[in-house]
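With this note's numbering as the guide, the letters of the sequence shown map in order to residues -11 to 274.
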Amino acid sequence: MTDARLPALLLSALSCLALPPATAAEPALPQLEAYTVDESWRQPVEPRRLAEHTWRIGTAGIHALLVKTDAGAVLIDGGMQQAADMLLAQMRDLGVEPGDLKLIMHSQAHGDHVGPLAAVKRATGATLVSNAESAVLLAAGGSDDIHFGDQILYPPMHADRIVHDGEVVELGGLRFTVHFMPGHTPGSMAWTWTDTRDGRPLRIAYVDSLSTPGYRLVDNPRIPRLVDDFRHSFDVVRALPCDLLLTPHVGSGRDDDGAPLTCREYADRSERAFDAELARQRGEGS
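As C-alpha cells, this is what we get:
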C-alpha cells in the first residue's frame, strides 16, 4: 500500500465511526458577582499564639495559621494574593525562615484563601498538600469556578501531595487529619490536630466555610447533588474533635456577640441559614 493512499483511507474510516446524536447545548450557568474585598482582609495582625505550637498570622478578617514543630513548620491558608510578603515576614518574626516551612495546606481553593500560596511555595520550597477537587482549581488559578467563572483568579500552583478523606499528614510529631466537607467548594476541607495549652491537650478544628453566597442550590447543572453535599458536610462538622473552632473567615466562627462557636453550633447555625435559602429558592412559604 502506498503512503499516498493512507490519508484518504483514514478519512473514510473515520467517517464510518458511529457518532452520538447531536443534543442541545447545556445552557450556561449564570455566574455570580465575585466577592467584595473587605478592608479587614488586608489589615495585618500581630502574630498571636493559640496553643503551644499553633499561631494565628495573616490579617484581621482572614485566618492564616502557622504550626511550628521540631521538624519544621506548617502553613494553613494564606489569604489574599497580595499577602505573600506579609506572611513571610510574620513567619520570620516567629523564628521561621523560608527554608523552615515544610508543608502548605489549605481549606478551599478560592482566591481569598489560597491567593498567596504560589508565591510562598516558590519562596520556601514547601510541599503543597491538597485534594483532587481543589487541585484542579489550584492548577487553573481559580478559572472556571463552578459559581464565579473567571472572576476570582490567582497565580496557579501545582499540588505536590493529594490526600484522601480521613488521611493523616504528620510533621514533627503533630498529626493533621483531613475531613472532606464539600459544599462551599467541591474540595472544601477541615483539618484537625491536637496541640496543648496550659499543659492540657487542645483539639483544634480548622473548618472551611459552610455558606452559600448566592449559589444556585436547586437544579444546579454543574453540581446536581449540591444540597446533598451540604447536608453531609453539616454532619461532618458536628462530629469533629473540636475544643477550639477556627474558620477561614474569622467572623464566621463567632456568634452575633463575638463569642466563639463550637463546631456543633457552627454547623447548626450554618444549616439554619442554608435551609432558609433553600426554601426561598424552592418558593416555599411565599
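Ideal Cβ positions, reconstructed from N, Cα and C, are used throughout, including at glycine.
On the CB-based measure, 16 or more other CB atoms within 10 Å of its CB, does residue i come out buried or exposed?
| i | result |
| --- | --- |
| Ala261 | exposed |
| Ala12 | Per-residue confidence for Ala12 stands at a pLDDT of 47, beneath the threshold of 50, marking its modelled position as unreliable; the derived number appears in the next sentence. Classification of Ala12: exposed, given that the 10 Å Cβ count is below 16. |
| Asp81 | exposed |
| Gly246 | exposed |
| Asp196 | buried |
| Trp181 | buried |
| Ala97 | buried |
| Gly87 | exposed |
| His135 | buried |
| Glu158 | exposed |
| Val206 | exposed |
| Asp216 | exposed |
| His152 | exposed |
| Ile92 | buried |
| Ile150 | exposed |
| Thr112 | buried |
| Val156 | exposed |
| Gly161 | exposed |
| Pro248 | exposed |
| Gly154 | exposed |
| Pro201 | exposed |
| Gly129 | buried |
| Pro241 | The sequence shown places Gly at residue 241, not Pro. Classification for Gly241: buried. |
Work out the CA separation of residue j and residue i for me, nearest whole Å.
| i | j | result |
| --- | --- | --- |
| Gly60 | Ser118 | 19 Å |
| His101 | Ala39 | 22 Å |
| Ser122 | Lys56 | 25 Å |
| Glu253 | Asp26 | 25 Å |
| Ala10 | Leu228 | Low confidence applies to Ala10: its pLDDT is 41, below 50, so where it sits in the model is not reliable enough to give any reading. |
| Ser258 | Val62 | 28 Å |
| Asp285 | Leu125 | No statement about residue 285 is possible, as the shown extent of the chain runs from -11 to 274 and does not include it. |
| Gln19 | Ala267 | 21 Å |
| Val33 | Glu272 | 44 Å |
| Ala255 | Pro170 | 13 Å |
| Ser131 | Arg210 | 15 Å |
| Thr184 | Phe164 | 14 Å |
| Glu265 | Pro189 | 38 Å |
| Cys230 | Arg110 | 33 Å |
| Gly99 | Leu75 | 15 Å |
| Tyr203 | Leu214 | 10 Å |
| Asp263 | Arg219 | 10 Å |
| Thr24 | Gly137 | 16 Å |
If you compare alpha carbons, which of the options is closest to residue i?
| i | options | result |
| --- | --- | --- |
| Gln78 | Leu53, Ile92 and Ser28 | Leu53 |
| Ala22 | Gln139, Gly103, Val33 and Asp65 | Gln139 |
| Asn208 | Leu89, Gln269 and Met68 | Gln269 |
| Ala193 | Cys251, Gly99 and Met93 | Cys251 |
| Gln31 | Arg163, His146, Ala71 and Val62 | Ala71 |
| His237 | Ile50, Ile211, Leu20 and Arg36 | Ile50 |
| Arg36 | Glu272, Arg191 and Thr47 | Thr47 |
| Leu234 | Ala114, Trp179 and Met68 | Trp179 |
| Gly239 | Leu214, Ile211, Ala267 and Ser199 | Ser199 |
| Ala127 | Ala106, Arg110, Ala114 and Gly137 | Ala106 |
| Ser28 | Gly187, Gly103 and Met68 | Met68 |
| Glu85 | Pro189, Val108, Leu162 and Arg204 | Val108 |
| His167 | Asp186, Asp65 and Ser95 | Ser95 |
| Asp148 | Pro201, Ala114, Met74 and Thr184 | Ala114 |
| Asp65 | Pro212, Pro104 and Arg191 | Pro104 |
May I ask you to report which of helix, strand or coil DSSP gives residue i?
| i | result |
| --- | --- |
| Thr11 | Any answer about Thr11 is weak, because its pLDDT of 43 lies below 50 and its placement is not dependable; what the coordinates show is given next. Reduced to three states, the DSSP call for Thr11 is coil. |
| Phe168 | strand |
| Ala106 | helix |
| Glu158 | strand |
| Val55 | strand |
| Gly49 | coil |
| Gly241 | helix |
| Asp263 | helix |
| Ala255 | helix |
| Asp231 | coil |
| Thr182 | strand |
| Gly67 | strand |
| Ser118 | strand |
| Gly99 | helix |
Problem - Stretch pair the stretch 112 to 128 + the stretch 163 to 176: three plus CB contacts closer than 8 Å - result: yes
Exercise for the section: Pair every Cβ in the stretch 33 to 48 with every Cβ in the stretch 144 to 153, then say whether three or more of these pairs are closer than 8 Å. Expected result: no
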